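For what it's worth, the numbering used here labels the leading residue of the sequence shown as 103, then goes sequentially.
Ideal Cβ placement from N, Cα and C applies to all residues, glycine included.
Predicted model only: the values in this text are computed from it and were never measured.
A short write-up of the structure that comes next.
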Amino acid sequence: MDNSTKDSRPDTSLIRVAILALILTLATSAHAYRGEATDAAFAALFSLPGGGPTTGYWKFDVPADFEAKNEEELIVYLAKKQKEGADFNAYRHKGTLLHHAIRVGFEKTALWLLKNGADTSLGECNEVALSLCVRSHRDRITEALVGSKLNPSPPAKKTPPKRELPKPTPPREGPVTGSTIWAALEKGEFEEYLRRQSPQRVEAALADESDTRRLLHNMAMHHAKPYSRWQRLVQAMGPATYRKVVDDEAAIDDLVWLNRGDVDHFADMLDSLPAEVLERHQGTVLSKLVWPSGEPATAVLQLFWERIRRPLDYSALPNLAGRIQPELWPKLYASGYKNRDPESALGCLLAESSAADLERYWPALKAQFPAIDQVAPQLVLLHYRPGTPCRNYESGETLRKLTFLRQQGVTSKARVLREEALKGESPELQQVLRPFLLEKGEIPPSRLVETRPDCVFELNDNFYRRLLHPFVKTEESANKVETVQLIQIPGERECGLLVGGFEQIDAYESGVVDGFDGPTENPRIAYADPTDRYEVWRNNQDKIERLGTDLGGHNRAPGVFLVKDANGGDHYYVVGTEIHGGFPRPPEIFVWKKSAGGWKLSSYEDTALLDTFHDQCRYSGSGDAMVCDGVPGIELALDSNQKPANQSPEEKRMKPFRSMGLDQFILTYRQEMHDDYLAAVMALDKPRLKELQVQGIPSTWTSEAINAVSASNLSLEEKRRRTAWLFYDHAQLAKALDSSVLEQLVKWLPREDWGPIFKVLEPQGGGLLKYLRDDVAEMGLNDLACDFDHAMGLICGETWGVGEPPAE
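Structure representation (structure tokens):
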């Protein structure tokens, strides 16, 4: 039924839309003019000598009417642009005109802006003008701010006493900050930079511990000659600051990384650390010396062992014995290492060693590992286990190693070896392998078998509202929820939700980024730590309780399956496998553990059970994953092409107990509400939309609704009425916008309707607009393209980057 039949009152919506369109058109025209004048004001300040970025370049058109050579002429030009409508509190490159004037030391300009409308409460990267002045040592502006009613409250509780400005010693240029120091390092002008600045200013800048630690991190990660540069900074910062800077886990981590490649440099580093600081962080030093894998530097490790004053904790490094030369094992055990289990301690050492090395290691193996005779064949043949990290050694060496073991009287069999492993091997190697092969009758039945969870679930309001604002929070980061599945919690009738994801909120951004001081290139991390995090949500009456897990850290969706141990009936969760780095990962085992903090899904430490479970597993038919006998869910999860129509009733029942996307999970329980919402949007049924909004709408449904409006055959006027409704809730709009939504809107949405979009994207830096900007310009929508630039904090038509700007 047409909406007009539902209400006998005159429909004034068309009149309101017409009036709104007229107002927006007039506002847009004014906005375009103000934007043009504002761009000219920023371009003038940036193009004056000394006004540009400290690092990289900002490339823009200098206004044709700007010819100023000094601050006095710049002020005259800014006054002219203010009369033309320039907005002095607009943002370009993460700061206002006032912020940038303070940044580059244009004190006259900053003082004039303070008297002519600059808002001192606005923040540059969350730092207000007064704080920026204090940090940048802009004393005249600081005094003006503190001494006037413009900003009567300085950051500290007490007004800092006036101090005499130091007489300029060697000539200096611009502020001294971590960013400017790093810029000098990048350009190879560090020594010249230090000569140009007064020692007091450099020392004051380095006293900012967080800034100095960032410098250390950048040096350790990607800079030539980092050791000599860092030593020069240590001299500049003084012993007191150095002590504070290095008494930090991340700083020690970077220091070790910077020095671990040279034993003399490492010795100097140890000498420079106060004894109590080294003792406090000796675990961090150890972890960095032996990270990420492979054999640590022998000389550096031995030097570290000589300096420690108490035993080291090796609980996180059970396999370290297998990563160092056996000649070092006595010193390793003397330093606190305790693992005598050859399987967990030696890892791939025997599988990847030559026969000659095995013969040389044998006395040390017998001395340190009493059980070596029982597992030596297993360790030599580890490369036959599916999903093994051990490299496949040349078959001739494998033959000679097995022959040596037989000569030593070793007769134990290898659990990892199956009949299919012999295929493709030479007859000679098959003959030597066969005595170590388990016979069919010796292969035990599957010990861990998938079982049905005994819990029920309803997507009640508690769970639903939490899923509308989903994130997983740890001490290190917060991640968006991307996958959901039901999970059984011990002693609970109601199922919980296992939720998690990969995308970090406010994650580190590598590569070239623009900033207040200019574009810089953040270090690209070649082997970034996995970012996936997971937790369990438990419905506790009127609130959702978060339960911790050890899941995550492998950059894969968990695919968790409940299994029962045939030996004793205990229940565990196993995590399925996915391809990683070219090789399938073996599955893992988790178990619920209860502590004072409540239940936690924890890694199971019993390596014997894990090895037994791995004996149930083999490569899938495609060879790109592993499947396990007794756990059909793992194999079903790999079948992405399985259609619901082909699923059995049991498989359909089990579906929510297997990992699925957040949107798919919500739709499983709220499909009718989803369809109702889309229908209400297309009909613009406002009463029904208000009812649904009270319940809460997933942002992806709003994305879908905007795209449906874009793709519809509705008139432009009717489309605008619907998007006006959908754009009204800015918080919802911010979550709903993605590249696909914007790509569709660009094709038809009038410029005057983009205001809400820009408003929600500006705080994010307008990143989503970056990839559409050129397309918009090519479509002839030049004014809209300028709006895109402004939303990204740029002057219209501006580009930026590191190094030198490209030639015209």
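Chain-order list of residues whose beta-carbon lies under 6 Å from that of residue i (same chain, five-residue window excluded)
i	result
K95	Missing from the structure shown is residue 95; the chain here goes from 103 to 910 and no further.
A231	L200, T222
I607	A580
F715	L550
Q470	W431
F559	L588, C597
Own chain, CB closer than 8 Å to residue i, minus 5 neighbours either side, in chain order
i	result
M881	V848
T343	E305, L308, A309, E311, T314
I646	N564, F565, R568, W639, R640
T198	F190, N191, A192, A220, D221, L224, E226
L780	W803, E806, A807, A810
Y295	T282, I283, A286
G385	L414, D415
E174	K210
R382	D349
C-beta atoms of residue i and residue j nearer than 8 Å
i	j	result
A893	L844	no
Q805	D855	Position check: residue 805 holds Ser in this sequence, whereas Gln was assumed. No, the pair does not count as a contact, with Cβ atoms beyond the cut-off.
G895	G868	yes
Y636	Y674	no
G613	R595	no
R853	D885	yes
V336	L375	no
S281	D634	no
T500	V482	yes
D652	F692	yes
L916	A423	With the chain covering only 103 through 910, there is no way to say anything about residue 916.
I799	Q834	yes
A146	L180	yes
G158	T622	yes
Cα-Cα separation between residue i and residue j, rounded to whole angstroms
i	j	result
K821	L874	21 Å
N564	T211	55 Å
L484	I426	19 Å
D163	A353	42 Å
W672	V477	For the sequence presented, residue 672 should be read as Asp rather than Trp. Looking at the two C-alpha atoms, the distance is approximately 27 Å.
N421	L738	34 Å
G683	V402	For G683, the pLDDT reaches just 49, beneath the cut-off of 50, and the residue's location in the model is therefore unreliable, although a value from the coordinates is still provided. Computed Cα separation, rounded: 30 Å.
F498	M728	A small correction: the amino acid at residue 498 is Gly; Phe does not occupy that position in the sequence shown. One C-alpha to the other measures close to 28 Å.
V379	A369	15 Å
I897	W160	9 Å
E753	C597	18 Å
F573	V586	12 Å
E454	D443	18 Å
L883	S817	21 Å
S233	V248	11 Å
T709	H319	37 Å
K440	A418	12 Å
P537	V665	33 Å
L451	M756	42 Å
P858	V601	31 Å
E50	N624	What is shown of the chain runs 103 to 910, which leaves residue 50 out entirely.
A826	A813	16 Å
P751	P689	27 Å
R345	A377	11 Å
P555	D667	14 Å
L540	D644	55 Å
Sequence-distant residues of its chain with Cβ nearer than 7 Å to residue i (five each side left out)
i	result
V358	V387, K390, L391
R648	E637, W639
F506	A457, L460, E461
V278	Q299, R303, V304, A307
Could you tell me whether the stretch 758-765 touches the stretch 780-790, where touching means 3 or more Cβ pairs closer than 8 Å?
Contact between the stretch 758-765 and the stretch 780-790 is absent, because fewer than three Cβ pairs lie under 8 Å.
Give the list of continuous beta strand (DSSP E) stretches no shorter than 3 residues that lie fully inside the stretch 542-609.
The qualifying runs are 550-552, 573-575, 580-582, 585-589, 598-603.
Can you give, in chain order, each stretch of the beta strand (DSSP E) that sits fully within the stretch 737-808 and has at least 3 residues?
Secondary structure remark: continuous beta strand (DSSP E) runs of at least 3 residues inside the stretch 737-808: none found.
What residue ranges within the stretch 840-891 form continuous alpha helix (DSSP H) runs of no fewer than 4 residues, ordered along the chain?
Qualifying alpha helix (DSSP H) stretches, in chain order: 841-848, 857-863, 869-872, 875-880.
Cβ contact check for the stretch 730-738 and the stretch 541-553: 3 or more pairs under 8 Å
Enough Cβ pairs lie closer than 8 Å, so yes.
Counting beta carbon pairs with one atom in the stretch 181-199 and one in the stretch 138-154, are three or more of them shorter than 8 Å?
They touch, by the three-pair rule.
Do three or more CB pairs link the stretch 403-419 to the stretch 451-471 at distances below 8 Å?
Flag = no, the stretch 403-419 and the stretch 451-471 do not touch.
In chain order, which alpha helix (DSSP H) runs of at least 4 residues are fully inside the stretch 403-437?
Correct list: 431-436.
Could you tell me which uninterrupted alpha helix (DSSP H) segments, each at least 4 residues in length, are contained entirely in the stretch 324-377, listed from first to last along the chain?
Secondary structure remark: continuous alpha helix (DSSP H) runs of at least 4 residues inside the stretch 324-377, in chain order: 328-339, 341-348, 351-361, 365-374.
Could I get the ranges of all uninterrupted beta strand (DSSP E) runs contained in the stretch 155-240, with 3 residues as the minimum, in chain order?
Entirely contained in the stretch 155-240, the beta strand (DSSP E) runs reaching 3 residues are, in chain order, 159-161.
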